[in-house]
Amino acid sequence: MPEPGPLASALRTWAARGIGDAGAAAAARQLRPATGTHTVVLVEGLSDHEAVRAVAAARGRDLAAEGVCVVPMGGATNVRRYLALLGPRGLDVRVAGLYDAAEEPVFRQALATREHGHRRGVAAPGPDLARSGFFACVADLEEELIRAVGTAGVEAVVQELGESRGLATLRHQPAHRGRSPEQQLHRFLGTTAGRKARYARALAQRLDPTSTPAPLERLLAATRLSAPPARSPG
């Protein structure tokens, strides 16, 4: 499974150590111009990271080469910390991202702090998250992918990856027997470490422009629009 690139890894280290860590800050600041990064896409986990990159690649886009860095934050509650690292005191780059609809208050407050300087507990204007480059998944990105690919398509991927027996076992368990096929598949993706990311990539590769979930489609459009204009020769 591909790992996040060097700048994403440096940002994760900086986030873990805190914005005041001089060594982590210096490493990230050196990598930003070296990688040509002008936009950072924040996603919750590795499965989101894999899906975004896979869909972009299927469109013939190399996000890293375009100056777009995708960073898995390790959970929605870390968004405030990452926005601080990417703001004027940090790398001072454009940001975009995906979030689960249930986490909207967390993202809304974090973006309000970034845009207006309001702190937790202080009334702040509600930013337009989409205008800020952040797009909501109804439940999560895995649910969006299952709906887009369809039950039969997901089951075909399960078979290709040699895990049909494991899915059948889960479906016969009393806790899951009465659930819909979509719910069973969603649960199956989260039962083993690394499976979410592996399936996110495989399912994303099955999408075409007509079936791509709206949040992913809008995010990719936003990253294209965020690219700085090309310099004229001479």
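Its first residue numbered 946, the sequence shown is counted upward by one per residue in the numbering used here.
A virtual CB, placed ideally from N, CA and C, is assigned to each residue, including glycine.
Tell me whether residue i sits in a helix, a strand or coil according to DSSP, three-state version.
| i | result |
| --- | --- |
| residue 1045 | strand |
| residue 1102 | helix |
| residue 978 | helix |
| residue 987 | strand |
| residue 1108 | coil |
| residue 1075 | coil |
| residue 1050 | helix |
| residue 1170 | helix |
| residue 1137 | coil |
| residue 1164 | helix |
| residue 968 | helix |
| residue 1004 | coil |
Can you name the residues that DSSP bridges to residue i?
| i | result |
| --- | --- |
| residue 1081 | 1044 |
| residue 1016 | 987 |
May I ask which residues mark the beginning and end of the beta strand (DSSP E) holding residue i?
| i | result |
| --- | --- |
| residue 1158 | Per DSSP, residue 1158 belongs to no beta strand (DSSP E) and is neither H nor E. |
| residue 1036 | Residue 1036 -> no beta strand (DSSP E), and no H or E assigned at all. |
Tell me where the alpha helix (DSSP H) around residue i begins and ends.
| i | result |
| --- | --- |
| residue 1086 | 1086-1094 |
| residue 1010 | 1008-1011 |
| residue 1129 | 1126-1134 |
| residue 958 | 951-962 |
| residue 1151 | Where residue 1151 is concerned, there is no enclosing alpha helix (DSSP H), given that its DSSP letter is neither H nor E. |
| residue 1122 | 1119-1122 |
Under the criterion of a Cβ to heavy atom distance below 8 Å, does residue i qualify as lining the ligand FMN?
| i | result |
| --- | --- |
| residue 1099 | Absence of the ligand FMN from the depicted structure is noted, as is the absence of any ligand whatsoever, leaving it without description. |
Please report how far the alpha carbon of residue i lies from the alpha carbon of residue j, in whole angstroms.
| i | j | result |
| --- | --- | --- |
| residue 1054 | residue 1165 | 24 Å |
| residue 1039 | residue 949 | 18 Å |
| residue 1098 | residue 1146 | 14 Å |
| residue 1137 | residue 995 | 17 Å |
| residue 1031 | residue 1163 | 21 Å |
| residue 957 | residue 964 | 11 Å |
| residue 1089 | residue 1148 | 10 Å |
| residue 1057 | residue 1115 | 42 Å |
| residue 1105 | residue 1125 | 22 Å |
| residue 986 | residue 1059 | 15 Å |
| residue 1169 | residue 1029 | 23 Å |
| residue 1118 | residue 977 | 49 Å |
| residue 1033 | residue 1020 | 23 Å |
| residue 1156 | residue 1078 | 21 Å |
| residue 1083 | residue 1091 | 12 Å |
| residue 1130 | residue 1011 | 34 Å |
| residue 959 | residue 966 | 7 Å |
| residue 1102 | residue 1112 | 11 Å |
| residue 999 | residue 1073 | 27 Å |
| residue 897 | residue 1110 | Residue 897 falls outside the range modelled here, since the chain spans only 946 to 1179, and no answer is possible. |
| residue 1154 | residue 1004 | 8 Å |
| residue 1167 | residue 1075 | 9 Å |
Are the stretch 966-976 and the stretch 989-997 touching by the rule of at least three beta carbon pairs closer than 8 Å? no
If you pair each beta-carbon of the stretch 1019-1029 with each one of the stretch 1040-1049, do three or more pairs fall below 8 Å? yes
Kindly confirm or deny that the stretch 1008-1020 and the stretch 952-963 touch, where touching means at least three C-beta pairs closer than 8 Å. yes
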